[in-house]
Structures are given as C-alpha cells and as structure tokens.
Amino acid sequence: MPKVLKARPPDNPQEEATIQKLACSRHAPMDVILRARMIVASWEGQRTATIAKQLACHPQTVRERLQRFNVEGVDGLQDRPRPGRKRRIGEAERSAIIALVGTAPPGRLVRESDGELRADEADGAAHWTLNALTDRAQQQSIRIQRSQVRCILLGEGVRWRALRSWMTSTDPEFAKKEPLS
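So the sequence shown is residues -4 to 176, counted in my numbering.
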C-alpha cells in the first residue's frame, strides 16, 4: 500500500498561527493562500485527492506543495525566484549610451579658434534628444531602439533633456566660469 503524504505538524504555535492566518487571508497573494489551505486541510486529515478537488487543482500540485512545506516550512509557501529574461543589451553598450549623453551633440555650435561658430554636423541636433542619441548609438553599431535608450537613461538617473544656454561668449575663460555663473 502506498504511503499517504501529509503535511508535517507545525514546529511551534507561531508557525501554525501564521499558516492559519494565511489560509484565511483576503489580502495575501492567492497562490500563497491556496498553499496554506492545502497545509491546513492536510493537518485536518484530508487526503491529497480530496484537497485537490476542494481547491480545484491537480493532486500532483498538492503533493508537491506538501513536500515543499515539509522541507522548507512557511518559506516553502512563497514563490521561488525565477531567472527572467537575459538582457539583450550588455553593460558595455549601456555604458556607451550613458557616455554619449556626456558628449557634445553633433549640431551644437562650437566657437573655433578663429572666432567662428561651427557645428560638427549642419543637420545634427543642437541638444541631445532620444532620436539623436538613438541615431548616434546605431552609428556606433549598437542595435537599440528609442524606448530602450529612454529606459536605460531613466534607470541610471541621467538627464538627456538638460538644456544648456544657447549664448556663447568671446571670452576665452568663459568655459571655466560657466558652471559658477
């Protein structure tokens, strides 16, 4: 005759109270409530097939949960961590995108040594935008979309929208004084 699987008796009154409270809870996650109800029903002497019928689940699920409770206790009622999807964009690419924000945009006017204002690209953006950052990243062979650039920058707390003054000065010491003013 096969061995009947039952939940082990509670280790202490506190463990029993915790499981009873979870079984009657209205605000805990539903899967945790069902698992606690499985344990309580097993303590009441019900078999796995009966518990499965009551809770509308498969008998194998009840067996697995009872075995896990017997080994891990109350912690066995919670979900185990899952690995999730691997990142498609590696740390090197993320760092390169964050470093892009610190560089001058392609259309920003820069005063040359002869006093003329020139931009690296005439059609480039004067300030970084998500589209400009995405285009520059794609030029650097980073396959990325605009929304991913936004998520990376927001996650790192980097502000790409911070505007600088459009005014420039002929004073050669202006760049040194700029952060102070």
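For glycine and all other residues, C-beta sits at the position ideal for the given N, C-alpha and C.
Original post:
Between the beta-carbon of arginine 103 and the beta-carbon of leucine 125, is there less than 7 Å?
Top reply: no
**OP:** Use the C-beta contact count for glutamate 107: other C-beta atoms within 10 angstroms, 16 or more gives buried, fewer gives exposed.
**Re:** exposed
Original post:
alanine 120 and proline 100 look like a contact to me (Cβ under 8 Å); what is the Cβ gap, rounded to whole Å?
Top reply: 5 Å
Original post:
Of the choices Asp166, Gly68, Ile92 and Ile137, whose alpha-carbon is the least far from that of glycine 110?
Top reply: Asp166
Original post:
How is arginine 30 classed by DSSP in three states: helix, strand or coil?
Top reply: helix
**OP:** Consult DSSP for arginine 156 and reduce its assignment to one of helix, strand or coil.
**Re:** coil
Original post:
How would you label serine 176, buried or exposed, when you count the other beta carbons within 10 angstroms and need 16 or more for buried?
Top reply: Reliability fails at serine 176, whose pLDDT of 49 lies under 50, so the model's placement of it is uncertain and the value that follows must be treated cautiously. Looking at its Cβ environment, which holds fewer than 16 other Cβ atoms inside 10 Å, serine 176 is exposed.
Subject >> valine 66 to arginine 80 span [Cα, whole Å] >> reply: 29 Å
**OP:** Taking 8 Å as the threshold, find out whether the region 15 to 35 comes into contact with the region 44 to 63 through three or more Cβ pairs.
**Re:** yes
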